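Trainee: For the sequence shown, this note's numbering assigns the number 1134 to the initial residue and increments by one for each residue that follows.
Note that the Cβ used here is the ideal one computed from N, Cα and C, for glycine as well.
None of these values were measured; they are calculated from a predicted model.
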Amino acid sequence: MGMSVTISAASEQDAEQIFRLQYLCFQSEAALYGNYRIDPLVQSLDSVREEVAADCVFVARLGDEVVGSVRGRVTEDGAAAIGKLCVHPRLQGHGIGARLLRAAESALAGERGAKRFRLHTGHRSETVLRLYRRVGYEAVGTAQGADGVPMIVLEKPAGTYVTTA
């Protein structure tokens, strides 16, 4: 009998696994752009620890292994900025990313009062864009990442977070 993936709030003890997983998962994104200096690849372990302590961070676990993560925080304008969604390459395509997103949206709206959700992804990231569109996000603009990567900005109202099920 196989183990199932569980979603839960991250703890300080998860920071190192999140850090390693993020580095693994974002290699394919970096390859899409020929830019291995994208934020998820240059973020320090201390910075990940700070985010786990301060932000709304969820992990997907398979047994004791962290196989997915997502982070979010409410910004000054009342929107929840969601980012660094990643799932271990061997488990992608099984709905774990959507489950992580749903957990973050639920907590950000229910516990932290977010009025809408906002995220950014690279303009060439078609697989990720399909996921975000499927769960109700719509493109609202573009931005330039600090790393120089052109980004698409997507949003959806917080009241629709239950539709990502």
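Is the stretch 1178-1189 close to the stretch 1269-1280, with three or more CB pairs under 8 Å?
Mentor: no
Trainee: Just verifying my parser: in three-state terms, what is the DSSP assignment at Glu1259?
Mentor: Three-state DSSP puts Glu1259 in a helix.
Trainee: Any contact between the stretch 1159-1170 and the stretch 1202-1216? By contact I mean 3 or more CB pairs, one from each, below 8 Å.
Mentor: Judged by Cβ distances under 8 Å, the stretch 1159-1170 makes no contact with the stretch 1202-1216, as fewer than three pairs qualify.
Trainee: Quick check on the DSSP output: the beta strand (DSSP E) that includes Gly1201 runs from which residue to which?
Mentor: 1198-1207
Trainee: Thinking C-alpha only, which one of Cys1158, Gln1160, His1221, Ile1215 is nearest His1253?
Mentor: Out of Cys1158, Gln1160, His1221, Ile1215, the CA that lies nearest to the CA of His1253 is found in Ile1215.
Trainee: Restricting to Cα atoms, I'd like to know which of Glu1198, Glu1183, Cys1219, Ala1164 is closest to Gln1155.
Mentor: Cys1219
Trainee: Buried or exposed, going by whether 16 or more other CB atoms sit within 10 Å of the CB of Leu1233?
Mentor: If you draw a 10 Å sphere on the C-beta of Leu1233, you find 16 or more other C-beta atoms in it, and that means buried.
Trainee: Give me, in chain order, the residues of the same chain whose beta-carbon lies closer than 7 Å to that of Ala1163; leave out the 5 immediate sequence neighbours on both sides.
Mentor: These residues qualify, in order along the chain: Tyr1169, Ile1171, Leu1174.
Trainee: Below 8 Å, can you find three or more Cβ-Cβ pairs linking the stretch 1143-1151 to the stretch 1244-1252?
Mentor: By the Cβ rule, the stretch 1143-1151 does not count as touching the stretch 1244-1252, because fewer than three pairs are nearer than 8 Å.
Trainee: Let me know the secondary structure DSSP gives Thr1297 once reduced to three states.
Mentor: The pLDDT assigned to Thr1297 is 44, lower than 50, so where the model puts this residue is not dependable; a value taken from the coordinates is nonetheless given after this. Thr1297 falls in the helix class under three-state DSSP.
Trainee: Please return the same chain residues whose Cβ sits closer than 6 Å to the Cβ of Ala1236, not counting the five positions on each side in sequence.
Mentor: For Ala1236, where only same-chain residues beyond five positions count, the Cβ hits under 6 Å are Ile1140, Phe1191.
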